[in-house]
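Everything in the sequence shown is counted per this note's numbering, starting at 1 for the first residue and increasing by one. All residues carry an ideal CB built from backbone N, CA and C; glycine is no exception.
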Amino acid sequence: MHFNLEVLGIDIGGTGIKGAPVIIETGEISSKRFRLPTPKKGLPQDIAETVHAVSKHFSWDGKIGITLPVRIRNGIACTAANIDQSWIGTNVNKLFSKVLESEVTTLNDADAAGYAETHYGAGKGAKGKTLVLTLGTGIGSSLFMNSLLIPNLELGHLRMYGTTAEILAANSTRKRDHLSWETWADRLQDYLTYIEFLLDPDLIILGGGISRPKRTKHYFHLLKTQARLLPAHFQNEAGIIGAACAAHNQADR
Ligand code: BGC
Numbered sequence: 001m002h003f004n005l006e007v008l009g010i011d012i013g014g015t016g017i018k019g020a021p022v023i024i025e026t027g028e029i030s031s032k033r034f035r036l037p038t039p040k041k042g043l044p045q046d047i048a049e050t051v052h053a054v055s056k057h058f059s060w061d062g063k064i065g066i067t068l069p070v071r072i073r074n075g076i077a078c079t080a081a082n083i084d085q086s087w088i089g090t091n092v093n094k095l096f097s098k099v100l101e102s103e104v105t106t107l108n109d110a111d112a113a114g115y116a117e118t119h120y121g122a123g124k125g126a127k128g129k130t131l132v133l134t135l136g137t138g139i140g141s142s143l144f145m146n147s148l149l150i151p152n153l154e155l156g157h158l159r160m161y162g163t164t165a166e167i168l169a170a171n172s173t174r175k176r177d178h179l180s181w182e183t184w185a186d187r188l189q190d191y192l193t194y195i196e197f198l199l200d201p202d203l204i205i206l207g208g209g210i211s212r213p214k215r216t217k218h219y220f221h222l223l224k225t226q227a228r229l230l231p232a233h234f235q236n237e238a239g240i241i242g243a244a245c246a247a248h249n250q251a252d253r
């Protein structure tokens, strides 16, 4: 008899907290995703309680992987770019395991998206250096060497043209400033050229909602990279799938 091993993945974003059980063997989501709005101020305790409500929705009592848009080192949040500053210094592992009364693994959201892509998605089986960039509210980044994560990169915060890369080229900037696809792709191109010079990846995967085919058709052909360039296989589920995968592999930061 064959039982599917499942882990609950929960992805904490600026507007929603989403979760679903993930089948570890295949990376598939086994029941419909459940989403609650992110509490207004985004404070740690409020978010932890919402995460708890998501796990209760699935009556979960197994392993849980949780993403946050922060750098996490030894279980402690060290940065907070698009989230309340009170996260900095919070022991996120302690907070979530106490509120959820479960074994939790926490990691950066872009590192989770990278896990999803390199284990099950566009970068599955890729040799050498794979860089995954998520273009959403901010820019998240994760780097893998032969599927091994080099964590906590924060390449969205590279300085460019007197600002940061994520302020210049995140998808939120494109929408907020009503940039044409050409203008936005131009900015993204400069960013990719800069990153390629610094890291020399073999494969670059662009993720986030912007990697859907109905979006990539507007800008992918405008980009030129030395590395192979691919849209992510997973869009909004990447964080959930990668969180579950990291929890399964005990890839705590
Ligand atoms: C944060 C990263 C995060 C990215 C995507 C950036 O502002 O610094 O930690 O991965 O946004 O959410």
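Per DSSP, the unbroken beta strand (DSSP E) holding T67 starts and ends at 64-68. Taking Y115 as the centre and dropping the five residues before and after it, the same chain places the C-beta of G242, C245, A246 closer than 6 Å to its C-beta, in chain order.
Between the ligand BGC and the CB of A81, the shortest heavy atom gap is smaller than 6 Å. Per DSSP, the unbroken alpha helix (DSSP H) holding K98 starts and ends at 92-100.
DSSP places F197 inside the alpha helix (DSSP H), whose first and last residues are 181-199.
Close CB contacts of A122 within its chain, under the 6 Å cut and outside five residues either way in sequence, are with I205, L230, A232, H233 (chain order). In the DSSP assignment, S141 is bridged to L133.
Within its own chain, the residues whose Cβ lies closer than 6 Å to the Cβ of S102, once the five positions on either side in sequence are excluded, are I64, listed in chain order.
Taking 7 Å as the cut-off, the beta carbon of D109 is found closer than this to the beta carbon of T67. Cβ neighbours of C78 within its own chain (closer than 6 Å, five residues either side excluded): R71. Around the beta carbon of K18, a 10 Å sphere encloses 16 or more other beta carbons of the protein chains shown; the residue is thus reported as buried. Residue environment analysis places F197 among the exposed positions, since fewer than 16 neighbouring C-beta atoms fall within 10 angstroms of its C-beta. Taking the Cα positions, G239 is about 28 Å away from T183.
Listed in chain order, the non-local C-beta contacts of W60 below 8 Å within the same chain comprise L8, P21, S102, local neighbours out to five positions each way being set aside. The C-beta distance from W181 to H218 rounds to 4 Å, short enough to meet the 8 Å contact threshold.
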